[in-house]
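Novice: Protein chains in written order, with my numbering: chain A, 33 to 658; chain B, 89 to 383; chain C, 736 to 1018.
In this text, a Cβ means the ideal position worked out from N, Cα and C, and glycines have one as well.
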Amino acid sequence: MTPNNLFPNKQRDIGFSALGALGLFALLVGGGLAYQAIVGTGSAERLITTMLIDAIIVVGIQIYVGNTGVLSFGHVGFGAIAGYAFALFAITPEEKLKRIPDAPWGLVDVSLNPWLALLLATVICLVVAVIVGVGLARSGAESGAVAATVITLALLFVTHEVARNWPDVTGGDRAGLSFAIGGSLDGRIAIYIALLAALLVARWYAQSRSGRLAVAAREDNLAARAMGVNPLVQQMAALLISVAVVSVGAGLKVYEEGSILPDNFFFNYTLLTLVMLIVGGRNGVTGAVVGVIVMTAGRELTRRLGQDGYELFGIGLDDAPLDWIFRENLQTVFLGLSMLGFMIWRPSGLLDDWELDEWLHRRLNLPKTADEQPDSLTELEDVPQANLRVSDVDVRFGGFQALSGAGLEANSGEIVGLIGPNGAGKTTLVNVITGLVEPSAGSFEVNGHDATALAPFELARGGLVRTFQNLRLFGALTVRENVEVAAMIAQQHRTDRVLRDTDALIAEAGLWPLRDRRARELDYGNSRRLELARAAALSPAFLLLDEPTSGMSDEESLAMVEQVRHMAATVGAGVLVIDHDLAFITGISDRIYVLDQGRIIADGSPTDVQANPAVQAAYLGSTADA
Amino acid sequence: MIELAQNLIDGLGRGSIYALLALGVAVIFGVMHLLNFAHGEMITVSGYAAFWALNAGWSWTLIVPLILVVSVVTSLLIERLAFSRVRGASDFTLLLTSFGVHFLVSAVLLLYVSASVKNYPRPGWVADTWAVGSLRVEVFDTVVIVVTIITLLATTALLQRTMFGLALRAAAADFDTARLMGVRSNSVIRGAFALSGLLAGIAGVFWLMRAGSTNPTAGIDPMLKGVLAALIGGLGSLRGAVLGGFALGLAEVLLRSWLPNGLASLTEGVVFALIALLFIFRPGGLISVGHAERV
Amino acid sequence: MFFGSFGSENNKSFKTTRALRSLAERTCSARLDFAQLFRSSLSHASHMLQLDKVTTKYGAISALRDVSLTVQPGEVVGLIGPNGAGKTTLLNSVAGLLQPSGGTVTLNGDDVTGSEPENLLRQGLALVPEHRRIFIDLTVEENLKIGGATVSGHDRNRLLADMRQQFPVLQSKWTTRAGYLSGGEAQQLAIARALMAKPKLLMMDEPSLGLAPILVDMVFELIGSLKDNGVTLLVVEQNATRMLAASDRAYVMRSGQIVSEGSGEELLERTDLFESFVGGGTS
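What follows is the structure, encoded as structure tokens:
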């Protein structure tokens, strides 16, 4: 099996995502033009222009917030930077002489073609984004992280403060910069191009390797790292692409509004864009677009209601009973209520992560390249040699010694069991081997190389792949997508191994009929099997299974034994399996280590261990005088 | 030397108000894991109450308790109408909910109360100073510092000596276990909002006395100060929040006097940038809150 | 400085030396005498606790399937079974930390299915949770006070005085932050904290977990002496042999279900226990 054959379904994704982007573009532009034609006023035209620009910016924000799950208040701050940069490059020297005659660095004399100005503004914004991105990464950004949100809030606040207090460059708090520019952006054309590009980029990114890995990390950061994903790299990619789109949108916004003031890119605009994003559903591009349309319509309606009250509907009541509600600026109340209402009753938005192109693909029921159940996999004859050696590991949590001098050894082609009562330190040992817990003493080696100091994602790429006692799947992703995350990493980092087709692994795990189900919809047994298939897709040197049968019935456990053995053999992995279930362990293992109170108290063949009185004591509890 | 001493006193005065605000933010974060962007709304609403009362001829002696009551009631109402419905939701939802509350309150005030800035007379003694050697100390700063110290001591006593304080601390550490001990989640959360509202009210009295005006978005500033100070101190740590408040007050005053002339107006931006740096290098704030990964 | 402690401030220095610790622990007298407090609270209903076909799910996963059991007043009932069998889920479902999706839980004749933990405690049911979950930033005294949150101030003071007497280990660390306690001390604190609520039924989840053998002895002595004081007990314990010896009756759980039931002595003599406990069906 060659690595480029790993994803039979990849081709259609790219083609369809373009189709989806086109569809969303048609929805926004077509709907907008129709509204303009029906209403036929200048203000309708301005409303649609504003909506299209908002759509670019909201789709830009979606690329970061949606794919990483990190709430950003800072994107409007990026917009401010891009907006000012664009204005400073594009406004004519005469206008600048009037507003900001003291601007440093010869800015007054700069006068660029607006297209070029937009490009330069985007580049400048990207430079800032790299710095902010490094900061976010350092703070350990992950889905919902408060520290990351605070950093983005700081960016918004700092740009606003600088804009207000640097009148030499920004025109200050009141006057701002207004537009008289040398060239033209040809009316709507620039907006159309930018909007289409934004939609294409957003859908393309979501389908790209980086996008999928970012979403995996959003769903479960720890599991993603354990599958070899470095979420920080993917988050940086998402941030840069997202900021580029927002920059272009912000430049166009400034251009269309004809001026820029600090408050144009502050809390109010942040609220508006975030409401648009969450109302539609932040996890999808379609959701973002629908949110923009719904909120634009709702805002316009409430604005007019506030202005005209009942007269809007042709009812001219004197003393209308609810007149006190219809006040100027009603739309601001509407925005606040929408934000609250959706957060309370529907935090995932109207559409959640529903995508137009995916729906189209399902509806059209196109000939699928891989809709036949793949043949079952044969076990590898030539197992690549590998060795794992753990020596004298100590782990202390506070005053509690979780492991003292624990050590073990495992080789490829072998299934090693690790048993012990609850609290013996089994999971801690696996956490050490997968980089989640740093031992206070001792080390472990893979194929003779010290691996003690490596990060979880590096260990996974190096072939130590685990499953989790309490199940960690990427819940919003389908069965197929879960396995593909691992396969994507394998394709890049495990090229010296035999890599198996993802669909074949899914079929092998008995999940073929469920391949397009979301992982969070699976029942317990299937979830466990999916975790196993996902781990196997990395073609690990060692599979570390933490209680793979916990919570399973006896029959399921029995089937699991065979599945673990077979799955490991098809990818040539050695297995280290943790369980408390002695029967399960003896049924599957070639050798067994017994852990009690942080120490290895016995090791040997299953029969030896079972007969060992110390093991029985550890299990059933010592008698009072033991 | 005189200037430094002068700055320190100014900074302590400011910092006192920030500390009270931050303490309220930290109390809420402790029990609900909610970073409350609506923490300034208590002050906005009480500002309007104060304006109304002054116009109706009340004296400041009566307005002070009025502000405290309005602040506590607003805090409880916000909890009842919004935050009680998102208990236990994701951090993402909690953050946006409080952001939404902040906007909704300002929007409602803007539409249905007044869009313009409302000015009211400040108490006469706010501008008075007294001289200590060659130092000129504002009477106002002195009062603020004294009241703050008393409030902090009282809060400490409340948290250390009363069952409610104990329940609050226990719930902040481990909500489920506190419930196993019979601590009622409703009472402890509402109590936290009442305490937070009261602290915001005390800070609000000073804030409003000094400002002499209010407007629908007047809450943004105190909210940001409170949130920032709580962040500096490490969210959820009360001691940290108080220290963060004083640190923020001092940093503002000192930066303002140290930064070159052209940049002095950027003080707040610089403070915010410093906080971002702090979070980049210490995501848990000054007093780092332990964070272990559970597998 | 302000505020003794709050929230989850990190606690880095647990520096009690081993020698000191064991000295302190040996001074524990596990013979309690709470006769006045607990005897009077004995219930008159025939069942103290009754579970009828209780099912609890995590998402799609059934962690408990149609579990039925009873606890009579004054009994010590053991609940044993392998890791993942659903023992902790059972206790949490009774205590209100988890909501059963089916079946009923009856406490002293009242249907309490799905009640909040804070209300259940007021009806006389306390849980010493898995891993003890003492408040590490609160002092020993404060932990105990929180435990007595539901009793009157007068009773609380009397109970505090009782605990001081009955748990000498705690007395010597009265104003120490609980994070500095050793494992055995922490377990005593967790149990004492639960007793502060004057429970009629005390549930314990793995009280001997992570304790050295001598401290395991202490825990079982404590269980015995609680029983002597008339406290009804439902105890989840991995140390099956010891637990069965200390139980009037016991249930064995596996894969979310109860697979055997009997008096402690009966179950101890069952030769298939080892098998049914540590696994089976696969070999």
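Does the Cβ of A:A153 have 16 or more other Cβ atoms within 10 Å, making it buried, or fewer, making it exposed?
Specialist: buried
Novice: For B:Y106, does the three-state DSSP call read helix, strand or coil?
Specialist: helix
Novice: Looking at A:V286 and A:G115, is the spacing between their C-beta atoms short of 9 Å?
Specialist: yes
Novice: Less than 9 Å between the beta carbons of B:G103 and B:G333, yes or no?
Specialist: yes
Novice: Please confirm if C:A932 has its CB atom under 9 Å from at least one CB of chain B.
Specialist: yes
Novice: Per DSSP, C:T790 is paired with what?
Specialist: C:T790 is bridged to C:G837.
Novice: List in chain order: all unbroken alpha helix (DSSP H) runs of 4+ residues lying wholly within the segment 241-290 of chain A.
Specialist: 241-251, 253-258, 263-289
Novice: Per the DSSP calculation, A:A634 is bridged to which residue(s)?
Specialist: A:V626
Novice: Name the chain C residues that come within less than 7 Å of B:V113, Cβ to Cβ?
Specialist: Within 7 Å Cβ-Cβ: nothing; B:V113 doesn't reach chain C, min ~13 Å.
Novice: Name the chain B residues whose beta carbon is nearer than 7 Å to that of A:P379?
Specialist: A177, T181
Novice: For A:Q433, collect the residues of the same chain with a Cβ closer than 8 Å to its Cβ; drop the 5 residues on either side in sequence, then sort them by chain order.
Specialist: D426, V427, G630
Novice: Once the 5 residues before and after A:N558 are set aside, which same chain residues still bring their CB inside 7 Å of it?
Specialist: L543, L546
Novice: To the nearest angstrom, how far is the alpha carbon of B:G176 from that of A:E477?
Specialist: 42 Å
Novice: I'd like to know if C:R999 contacts chain A, where contact means its C-beta is closer than 9 Å to some C-beta of that chain.
Specialist: In the sequence under discussion, the amino acid at residue 999 of chain C is Gly, which differs from the Arg named in the question. With respect to chain A, the C-beta atom of C:G999 has no partner C-beta closer than 9 Å.
Novice: Hey, does B:D229 have any beta-carbon neighbour from chain C nearer than 9 Å?
Specialist: no
Novice: For C:F902, return the contacting residues in chain B, with the cut-off set at a CB-CB distance below 9 Å.
Specialist: Chain B residues near C:F902: none, gap ~17 Å exceeds 9 Å.
Novice: Buried or exposed for A:S582, going by 16 or more other Cβ atoms inside 10 Å?
Specialist: buried
Novice: Within 10 angstroms of its Cβ, does B:F369 collect 16 or more other Cβ (buried), or is it exposed?
Specialist: exposed
Novice: Looking only at DSSP bridge pairs, what is A:I447 linked to?
Specialist: A:V607
Novice: Residues of chain B with a CB under 7 Å from the CB of A:M375: which are they?
Specialist: V174, T181, L184, T185, G188
Novice: If the cut-off is 7 Å on Cβ atoms, which residues from the segment 872-894 of chain C count as contacting chain B, listed in chain order?
Specialist: D872, L873, E877, K880, I881, G882, A884, T885
Novice: Which residues in chain A have a C-beta closer than 8 Å to the C-beta of B:A195? List them in chain order.
Specialist: N361, T364, V365, L367, G368
Novice: Under 9 Å, Cβ to Cβ, is there at least one residue of chain B near A:L409?
Specialist: No, because no Cβ of chain B sits closer than 9 Å to the Cβ of A:L409.
Novice: Look up B:K206 in the DSSP assignment and say whether it is helix, strand or coil.
Specialist: strand
Novice: List the residues of chain A whose Cβ lies closer than 9 Å to the Cβ of B:S159, in chain order.
Specialist: None at all; the shortest Cβ gap to chain A is about 20 Å.
Novice: Mind checking whether C:V811 and C:S960 have CB atoms under 9 Å apart?
Specialist: no
Novice: Counting only the same chain and skipping the five closest in sequence on each side, list residues whose C-beta sits under 7 Å from that of B:S222.
Specialist: Hits under 7 Å: I90.
Novice: Using alpha carbons as the reference points, say which of C:Y986, C:L968, C:G999, C:E1000 lies closest to C:G809.
Specialist: Looking only at C:Y986, C:L968, C:G999, C:E1000, the smallest Cα-Cα distance to C:G809 is reached by C:L968.
Novice: For a minimum of 3 consecutive residues, which ranges assigned as the beta strand (DSSP E) are wholly contained in the segment 196-244 of chain B?
Specialist: 217-220, 223-226
Novice: Three-state secondary structure (DSSP) at B:R267?
Specialist: helix
Novice: If the cut is a Cβ gap below 9 Å, which residues of chain D does B:E129 touch?
Specialist: No chain D appears in the structure shown, which is made up of the protein chains A, B and C.
Novice: Which residues mark the beginning and the end of the beta strand (DSSP E) in which A:R421 is found?
Specialist: It spans 419-429 - the beta strand (DSSP E) in which A:R421 sits, taken as one unbroken run.
Novice: Alpha carbon to alpha carbon, how far is A:E579 from A:F489? Give it in angstroms, no decimals.
Specialist: 21 Å
Novice: May I ask which residues mark the beginning and end of the beta strand (DSSP E) holding C:A884?
Specialist: It is not in any beta strand (DSSP E) - C:A884 carries neither H nor E in the DSSP assignment.
Novice: In the DSSP assignment, the alpha helix (DSSP H) including C:V951 goes from what residue to what residue?
Specialist: 948-963
Novice: Flag this pair as yes or no: are the beta carbons of A:A186 and B:I363 separated by less than 9 Å?
Specialist: It is a contact, given that the beta carbons lie within the stated cut-off.
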